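Report on the structure given below.
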Amino acid sequence: MISIIHIFNIKRDAFRKLSFFIAQVKYMRMYDIIERKRDGLELTDDEIYYFVNGCTTGEIPDYQTAALLMAIFLNGMSDAEVQTLTFAMRDSGDVADLSGIEGMTVDKHSTGGVGDKTTMIVVPMAAAVGCKVVKMSGRGLGHTGGTVDKLESIPGFCSELTHEEVIDTVNRVGACMIGHNSEFAPADRVMYDLRDVTATVESLPLIASSIMSKKLACSNDSILLDVKFGSGALMQDLSDAVSLASEMVKLGKSAGRKTAAVLTSMEDPLGYSVGNTLEVIEAVRVLKGEQKGDLYEISIELCAYMAHLTSGLPLEECRRLSVESIDNGTAFEKFKEIVHAQGGDERYLDDTSLFEDTAFHSEIRAERFGYIAAMDTHLIGQASMILGAGRAKIDDEIDHAAGIVFEKKTGDYVSPGEVIAVIYTNDENTLYEAAFTIDTAIMYSEDPPPASPLIYDVIK
Ligand code: URA
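Residue numbers for the sequence shown, in the numbering used here: 46 to 505.
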């Protein structure tokens with residue numbers, strides 16, 4: 046039987062051929078497209094499709110793709126250009142067919158940060174309150190972690206499911222958490238790899254189209270975006286994060302998806318732990334109702350918005366259901382069901398002492414009296430990477446057990462000798478550099494720092 050994906054592929058290939066044909070008829074040349082963008086002109090839909098198709102197939106050489114990316118970085122794009130770029134990138138590969146899932150599906154995406162383990166909490170919560178979730182996540186790179194690495198700390202957990210397995214798992218247990226499918230938005234892979242080495246990552250139109258092309262290829266009916274700002278995030282300023290969130294919400298809606306974005310701070314690591322196994326253990330604590338605070342509060346809000354987008358129920362009612370899913374244990378049971386369905390050993394969630402410990406621990410202690418005024422979250426992420434929990438390069442091996450557990454966070458008062466954090470690693474040689482990096486990241490003050498909100502804005 047011809048599969049739906051196959052039909053999509055035929056359509057996509059036909060579309061590519063057509064757009065190349067049009068391009069040839071119009072004598073389109075990459076040189077002219079670069080020149081037009083360099084001079085601040087708006088690219089046409091044909092030009093954008095020609096560029097995206099050509100860089101996906103390799104017909105446009107990397108140096109010309111990189112030159113256009115830099116011109117976009119410097120001169121920006123209009124809303125119409127970003128929309129066409131996003132749709133062209135989505136159409137550069139497979140588009141998931143989720144029609145086999147009974148009910149409306151919802152996705153949640155975080156723009157990334159340090160200690161951000163919300164997916165492992167929010168996806169089971171959302172499934173426990175009746176949402177259907179197909180969640181695709183990435184691996185960690187640089188100072189930020191990736192949900193797939195975290196979940197793979199659970200022995201047996203498999204993040205690669207076939208299309209049939211995704212449909213079956215979501216119909217049976219309500220959600221699945223899988224890795225990015227390389228067949229989705231392959232143009233993004235080509236462009237992202239070039240952006241990474243040409244200083245063009247921090248471009249709003251390029252970030253928005255990169256994220257949303259993959260979200261749209263995943264085909265969930267609704268999309269909730271958690272757009273982070275601050276020292277540990279891609280966007281350092283709130284105003285840039287608001288612009289990115291607004292652009293992505295527009296893109297989601299223009300593709301017919303219910304889309305909203307919450308703006309949350311990444312001025313501090315989220316919760317208390319940073320590192321793969323350590324974050325699974327913390328997620329379990331929140332799901333069991335044993336830990337409140339920033340991570341719990343943000344998880345309640347994210348789940349409430351996911352349920353609100355999907356069900357249309359009032360937000361307050363969705364908040365109540367989210368809290369209830371933790372209080373009555375259904376969210377934690379759902380996490381175990383999802384992990385079990387994906388081959389993971391759920392006994393590790395019932396008893397987190399089963400997780401392997403690291404060979405070396407060291408305590409970071411305060412050297413003075415004072416309040417912790419701020420943390421450089423980027424440096425905290427780097428310290429975690431030094432300990433072995435993250436990757437400097439895409440093919441680096443990681444140590445799942447390594448990382449940091451904070452005992453004190455911004456706003457806490459400390460006295461000399463008090464433990465601020467404990468670091469974990471299997472490589473003794475990393476202890477000194479990681480401890481020094483964390484020390485450098487922590488700033489003190491005589492007075493308590495002003496309290497900051499968890500959610501700064503919501504864009505609908
Ligand atoms: N995450 C993505 O997927 N793409 C970007 O451009 C930045 C962050």
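In this text, a Cβ means the ideal position worked out from N, Cα and C, and glycines have one as well.
A quick note: this is a predicted structure, and the numbers were derived from the prediction, not measured.
Where residue 269 is concerned, the enclosing beta strand (DSSP E) starts and stops at 267 to 274.
Comparing alpha carbon positions, the residue from 124, 89, 137 closest to residue 102 is 137. The beta carbon of residue 416 lies closer than 8 Å to those of 456, 457, 458, 459, 489, 490, 491, 492, 493, 494 in the same chain, with the five residues before and after it left out.
Shown here for residue 200: same chain residues with a beta carbon closer than 8 Å to its own, the five before and five after excluded, namely 389, 390, 393 in chain order.
A straight-line Cα-Cα distance of about 38 Å links residue 305 and residue 399. Taking C-beta atoms as the reference points, residue 320 and residue 158 fail to come closer than 7 Å. The beta carbon of residue 368 is closer than 8 Å to those of 345 in its chain, skipping five residues each way along the sequence. Relative to the ligand URA, the beta carbon of residue 425 is positioned no closer than 6 Å to any heavy atom. Taking C-beta atoms as the reference points, residue 311 and residue 422 count as a pair closer than 7 Å.
Excluding sequence positions up to five before and after residue 386, its CB lies within less than 6 Å of the CB of 214, 218, all in the same chain and listed in chain order. Nearest neighbour of residue 109 by Cα position, chosen from 264, 239, 466, 370, turns out to be 239.
In the same chain as residue 228, and ignoring 5 residues on each side of it, the C-beta atoms closer than 7 Å to its own belong to 138, 139, in chain order. Residue 368 sits in a helix when the DSSP states are folded into three classes.
In the DSSP assignment, residue 432 falls within the alpha helix (DSSP H) that extends over 422 to 432. Every residue whose beta carbon comes nearer than 5 Å to a heavy atom of the ligand URA appears here in chain order: 252, 255, 256. Here residue 497 is exposed, its C-beta having fewer than 16 other C-beta atoms within 10 Å. Rounded to the nearest whole angstrom, the CA to CA distance from residue 119 to residue 125 is 17 Å. DSSP places residue 298 within a helical segment (H, G or I) once states are collapsed to three.
Residue environment analysis places residue 413 among the exposed positions, since fewer than 16 neighbouring C-beta atoms fall within 10 angstroms of its C-beta. Between the alpha carbons of residue 314 and residue 91 lies a gap of roughly 43 Å.
The three-state reading of DSSP puts residue 490 in strand, counting E and B together. Residue 315 sits in coil when the DSSP states are folded into three classes, being neither helix nor strand.
Residue 499 and residue 465 have their C-alpha atoms roughly 22 Å apart.
Residue pairing of residue 72 in beta bridges, as defined by DSSP: absent, with no partner found. The residue among 505, 75, 74 with its C-alpha nearest the C-alpha of residue 291 is 505. Under a 10 Å Cβ-count criterion, residue 439 is classified as exposed, with fewer than 16 other Cβ atoms of the shown protein chains found around its own Cβ.
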